[in-house]
Every structure is written in C-alpha cells, then in structure tokens.
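The next block holds one structure in the form of structure tokens; read it before the comments.
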Amino acid sequence: MPFFSIDSPQNPQFKSWSGLLESRGIRKQGQFLLAGLKTVPEALTRWPQHFTRILIRHPEWIADWPLPEHIQPVVLAGPLFRELDVSGTDYPILVGTLPHIAQADLSAGPKGLELVCALGDPANLGALLRSAAAFGASKVILLEEAAHPFHPKCLRAASNAVFTLDIVRGGRWAALDQAAGPLLALDAGGDDLATFPWPEDARLILGEEGQGVPPQVPAQRLTIGNTGNVESLNATVAASIALFTYYAGGQ
173 MPFFSIDSPQ NPQFKSWSGL LESRGIRKQG QFLLAGLKTV PEALTRWPQH
223 FTRILIRHPE WIADWPLPEH IQPVVLAGPL FRELDVSGTD YPILVGTLPH
273 IAQADLSAGP KGLELVCALG DPANLGALLR SAAAFGASKV ILLEEAAHPF
323 HPKCLRAASN AVFTLDIVRG GRWAALDQAA GPLLALDAGG DDLATFPWPE
373 DARLILGEEG QGVPPQVPAQ RLTIGNTGNV ESLNATVAAS IALFTYYAGG
423 Q
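Okay, here's the thing in structure tokens:
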C-alpha cells in the first residue's frame with residue numbers, strides 16, 4: 173500500500189488531526205484519534221470499518237500488518253507524531269470516523285440497566301464505560317455535562333468499550349424530570365446498596381465528581397456501606413460497585 177508523508181505543522185491535514193485532541197474539534201470534524209498498544213490492533217481486527225487512516229513515524233512499524241485496503245498509512249515527522257501521541261505510546265495511531273450518537277428517548281421505559289451519566293472528566297468517563305461494558309449495562313445515556321466519549325483520554329481509559337456499548341445523548345438534568353423509571357442514584361444518605369432488590373429494568377444516575385446528583389432529580393437514593401475512613405468514593409468506583417451488584421444479582 174502506498175504511503176504519503178507530512179513534515180510541516182502547517183499542513184492542513186495535520187492541523188485538522190491536532191484539533192482532535194479536544195472535544196470541540198472532534199464534534200466539528202466528526203473524527204477521532206485512537207492510540208494504544210492493545211487497543212489499536214484490537215480495533216483494526218474487530219471494527220476496521222470505523223477507521224480511515226493510520227498515523228506512523230516509520231513504515232517499518234506496520235510492514236507486516238494486514239491493513240484493510242481502505243485504511244491509508246500516513247508517515248508523520250517525529251515532532252508532529254509526538255504532538256498527536258499525547259499518551260506517549262510511540263505506536264501507530266488510528267484516525268476514525270465518529271459514529272452517529274442518537275438522542276435518548278427518556279420517556280420510554282428502560283430495558284436492562286441503563287446508566288445516565290454526567291461525568292465531565294474524560295478519563296473518569298472512560299473508566300466508567302469500561303465497567304459498563306464489563307458488567308453488561310444495556311445503554312449509556314450521556315447528559316450535556318458529560319465529557320465526549322471519543323476524547324483521546326476517554327478512549328484510552330475505556331479500552332475500546334465505546335465500540336461495544338449503546339451510547340446515546342440525554343440532554344440536561346431537567347430532562348430527567350420526565351424520564352420513565354425506576355430512577356436510581358448513588359448518594360451518601362440513601363438505602364443500603366448491599367440489600368437493595370434490583371429491578372430487572374432501571375436507570376442508574378451518576379453525577380459529576382464532588383457534586384453528585386442534584387437533589388431535585390426524582391430518583392431513589394442508594395448508598396454504599398464502607399468503613400467511614402474516607403469521605404466518599406470516587407464516582408467511577410462507586411458506579412462500578414453498583415454495576416457489579418446488579419450484574420451479580422442477575423446471575
């Protein structure tokens with residue numbers, strides 16, 4: 173397969189890719205960057221249709237890779253590649269086309285356990301998506317406050333979970349006023365999660381770190397018992413525990 177090279181930071185194609193390091197650029201261009209020693213080969217094998225380019229520093233990096241014909245290799249000068257390789261992998265980076273993210277119909281009842289999420293930190297959101305995939309969440313509904321699921325930091329933490337989950341948009345917090353339930357939320361003053369009888373279908377709401385779920389959201393509160401040696405659990409950790417208890421209870 174023929175290669176083409178980019179050496180100048182003023183190259184329009186490179187400038188567009190550098191914009192993909194931020195959520196605004198991802199939304200504007202409809203593309204994303206995927207990096208990682210494990211995630212890149214897995215994505216090429218399982219979901220090659222999402223990708224159009226593979227960015228490298230040396231052709232030798234992919235000399236024995238069975239690349240699909242539609243994925244174009246691009247050799248970047250060292251400084252340009254390092255600018256895009258924000259995680260320091262020194263490994264090929266994939267350029268993907270952003271899939272359509274539909275709007276959720278919150279008035280329809282949930283099917284299985286659906287996560288409603290407002291995590292604004294992309295790394296925390298990625299870790300949550302990884303747990304959601306591991307424990308069988310049926311859907312992830314991202315509120316407007318949430319980070320972009322295809323932000324590079326989110327993709328790195330999610331370990332390709334974005335390609336296996338049903339991810340939709342959910343609007344602002346006020347949209348939950350008309351949402352069908354059961355609606356559940358993790359809170360320090362709620363019912364004990366350890367003894368909670370999970371319904372088969374429900375929506376579990378997760379607020380931003382430190383702020384939690386606004387008190388006006390009409391949801392039953394659940395709490396995770398602990399020693400009390402810490403003020404609170406990380407939001408992603410707490411959500412992962414809740415996902416596991418739902419998953420284990422259904423086995």
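Throughout, my numbering is defined as the position within the sequence shown, counted from one, plus 172.
Backbone N, C-alpha and C fix where the C-beta goes; we use that ideal spot for every residue, glycine too.
DSSP, read as helix, strand or coil, puts residue 297 in helix. Contact between the region 292-305 and the region 177-189 is absent: fewer than 3 CB-CB pairs across the two stretches fall below 8 Å. In the DSSP assignment, residue 333 falls outside any beta strand (DSSP E) and carries neither an H nor an E. When beta bridges are read from the DSSP output, residue 177 appears opposite 247. Judged by DSSP in its simplified three-state form, residue 327 adopts helix. Counting C-beta atoms within 10 angstroms of its own C-beta, residue 330 has 16 or more neighbours from the protein chains shown and is therefore classed as buried.
The DSSP-derived three-state label of residue 378 is strand. Look at residue 363 here: in three-state DSSP terms it is strand. Out of 248, 273, 222 and 221, the CA that lies nearest to the CA of residue 231 is found in 248.
A direct Cα-Cα distance of roughly 18 Å separates residue 204 from residue 240. Taking all protein chains in view, the Cβ of residue 208 is crowded by 16 or more other Cβ atoms within 10 Å, so the residue is classified as buried. Collapsing the DSSP output to three states places residue 221 in a helix. Unbroken alpha helix (DSSP H) stretches of 4 residues or longer found wholly inside the region 254-316: 294-306, given in chain order. Looking at the DSSP output, residue 340 bridges to 313.
A contact between stretches requires three or more CB pairs, one per stretch, nearer than 8 Å, and the region 350-361 fails this requirement with the region 322-336. Here residue 318 carries a coil assignment [DSSP, helix/strand/coil].
Here DSSP, grouped into helix, strand and coil, assigns residue 397 to coil.
Setting aside the 5 residues that flank it on each side, residue 219 is surrounded in the same chain by 335, each with a C-beta closer than 6 Å to its C-beta; the list follows chain order.
Counting along the chain, residue 185 sits inside the alpha helix (DSSP H) bounded by residues 184-190. In this structure, residue 223 places its C-beta atom within 8 Å of the C-beta atom of residue 243.
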